[in-house]
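See below for the structure under consideration.
Protein chains in written order, with the numbering used here: chain R, 1 to 208; chain Z, 1001 to 1252.
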């Protein structure tokens, strides 16, 4: 089998939905909790749904934290973080006490309650490309994706921001920093737009 | 911006798709997996799938079946019916159901909502409420269409929110299947009393019914059954969904 995209299983996240969409795109995947496979992966996906601290603890108790960190920082393995997976790539979160991986100079914040914009932010939302990048600015359609979250990422380096969305305020819905890609929305549940995005990650992102 | 969510709500009974009227007289509609496939191709916003005899019969959930169903779905899917343990919820999650609708088990014990929302996060947990107006008693929460609970709709909705539900699926039993419009007054009151998103359900007959709710209450998520499984005055079975253009024109 061709080198699969490795989806990290640490007990949180809809792994099957992600592998299901990639399979539909004829892209081989492997779901694993084996640190060695993660270390040697060609590309990684860090999913995640749930609480920030639970995720950090799960990653640490299952001995995945260090191997993911080594893969990303030493081997420079391309990685895609989805939803909580994106938030884990930031330095910290208002949701918990634990530190994130901190690969991207950013923090995770909580949406303020708003009469019109109820929290969590659930539903489809439009995405606006921020700077020239190889996915969002090359897509000639009106882009929309499915979101389900109460916390959002605030990037401290504007260069890292790929795209933003608006929900009571503008927030970063996609960032890119070297080999690290993070999205707040769920590509695996965003139909044709999500498929296009996962295809981009699998076939173009960091493929020199 | 148009951020409404228009959600086909499918009812399943022994793996058959059915549609009820006031929660009674289930009419056979077709095959659930096929319906999900069609709705996915129609690029609907989300799908709600409720198994209406699971929690009353205590049959084990057929996870393999739901896995096949979920694998046809590249949009969000919410499942409800017989979810009464964390283990069941974890299994459903792992097979691709990322939204869990909790009804009977929450009425028995609200701590279950808390347990689930702690594990999965609020955004995955939908608190489902079936209610009926009762003479001089306001709206009462009802289980299995017949048993009144001690809760009024507003109190119970607030309790679900306090315990960590991320959304409320609010279903007016006495409007189910009638296609005459949503319960506007109740939705307006409820919307003032909770701060999490509400999905209106029960009574949708056209997109304008949804627009009425949006304008009167600010609620922007709408479930509908009959509207998306029937066509025409004679209610011929036809899985359908409005075009993007139609939605845009209605809500703009």
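Cβ coordinates follow ideal geometry from the N, Cα and C atoms, glycine included.
All values reported here derive from a predicted model rather than from experimental measurement.
For residue 1171 of chain Z, the enclosing beta strand (DSSP E) covers residues 1167-1172. For the pair residue 1104 of chain Z and residue 1144 of chain Z, the CB atoms are nearer than the 9 Å cut-off.
Cβ atoms of residue 153 of chain R and residue 86 of chain R come within 8 Å of each other, at about 6 Å. A check of alpha carbon separations from residue 1045 of chain Z across Z:1069, Z:1224, Z:1235 and Z:1233 identifies Z:1224 as the nearest.
Scanning the region 1098-1130 of chain Z from its first residue to its last, the whole beta strand (DSSP E) runs of 3-plus residues come out as 1099-1102. Assignment of residue 149 of chain R by DSSP, reduced to helix, strand and coil, places it in the strand class. Within the region 1084-1099 of chain Z, the residues whose Cβ lies closer than 7 Å to some Cβ of chain R are 1093, 1094, 1095, 1096 and 1098, listed in chain order.
Residue 1005 of chain Z and residue 68 of chain R have their C-alpha atoms roughly 37 Å apart. If you look at residue 1188 of chain Z, you'll find it in the alpha helix (DSSP H) that goes 1184-1193. Beta-bridge pairing by DSSP links residue 1028 of chain Z to Z:1018. Interface residue (Cβ-Cβ distance to chain R less than 9 Å): residue 1120 of chain Z is classified as such. In this structure, residue 125 of chain R sits near residue 144 of chain R, with a CB-CB distance shorter than 9 Å.
Rounded to the nearest whole angstrom, the CA to CA distance from residue 1090 of chain Z to residue 1233 of chain Z is 42 Å. With respect to chain R, the C-beta atom of residue 1040 of chain Z has a partner C-beta closer than 9 Å. Counted as a single uninterrupted DSSP element, the alpha helix (DSSP H) harbouring residue 1209 of chain Z occupies residues 1207-1217. Bounds of any beta strand (DSSP E) do not take in residue 1062 of chain Z, whose DSSP letter is neither H nor E.
Cβ neighbours of residue 1171 of chain Z within its own chain (closer than 6 Å, five residues either side excluded): 1130, 1201 and 1202. If you draw a straight line from the Cα of residue 71 of chain R to the Cα of residue 1158 of chain Z, it comes to about 45 Å. What residue 1003 of chain Z touches in chain R, judged by beta-carbon distance under 8 Å, is 123, 124 and 125, going in chain order.
If you ignore the 5 residues before and after residue 57 of chain R, its C-beta comes within less than 8 Å of the C-beta of 98, all in its own chain and listed in chain order.
According to DSSP, residue pairing for residue 1012 of chain Z in a beta bridge involves Z:1017 and Z:1051. With a 10 Å radius around the Cβ and a threshold of 16 neighbouring Cβ atoms, residue 1059 of chain Z comes out exposed. A direct Cα-Cα distance of roughly 18 Å separates residue 16 of chain R from residue 79 of chain R. Secondary structure note for residue 177 of chain R: its beta strand (DSSP E) is the uninterrupted segment 170-177.
Counting only residues of its own chain and dropping the five nearest sequence neighbours on each side, residue 1122 of chain Z has a CB closer than 6 Å to the CB of 1164 and 1166. Straight-line measurement puts the Cα of residue 196 of chain R at about 16 Å from the Cα of residue 173 of chain R. For the set Z:1077, Z:1050 and Z:1194, the Cα lying nearest the Cα of residue 186 of chain R is the one of Z:1077.
At least 9 Å separates the CB of residue 196 of chain R from every CB of chain Z. The beta carbon of residue 1038 of chain Z sits closer than 7 Å to the beta carbons of 1239 from its chain, once the five residues preceding and following it are set aside; these are given in chain order.
Under the 10 Å beta carbon count, residue 160 of chain R is surrounded by 16 or more other beta carbons and is classified as buried. Chain Z has a Cβ within less than 9 Å of the Cβ of residue 115 of chain R.
Interface annotation, residue 30 of chain R: not in contact with chain Z, CB-CB separation never under 9 Å.
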